[in-house]
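For the sequence shown, position 18 matches number 18 in the UniProt record's numbering, and the numbering has no gaps at all.
We put the CB at the ideal spot given by N, CA and C, even for glycine.
Here's the structure we're looking at; comments come further down.
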Amino acid sequence: MEYEDKAGKPSRPPSPKQNVRKNLDFEPLSTTALILEDRPANLPAKPAEEAQKHRQQYEEMVVQAKKRELKEAQRRKKQLEERCKVEESIGNAVLTWNNEILPNWETM
């Protein structure tokens, strides 16, 4: 089956290899539930020590994920502030050119 792009031209479907894992640090939420789930009835129960270890590892993963999210949010905020500064300076430069330089171009 062929896919059509926005122009209506047939194109290939995305390769499964392209979608495998773009960011290796990201762990899908669906797998995190498996960590804390009990084993199926046909398997022996997980030892309490192992279950505690897995809970601790899971909690550490959650803490690390929150730290990464906070760091990323701070980076995005800083990037946005920088972009606003640049846009403001460009706007000021345009005003200077339009109001001071261009009207007096012949005398400069």
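Simplified DSSP assignment, three categories, for residue i
i	result
Asn-92	helix
Arg-83	helix
Lys-46	coil
Glu-100	helix
Arg-68	helix
Cβ pair residue i, residue j closer than 8 Å
i	j	result
Arg-39	Ala-48	no
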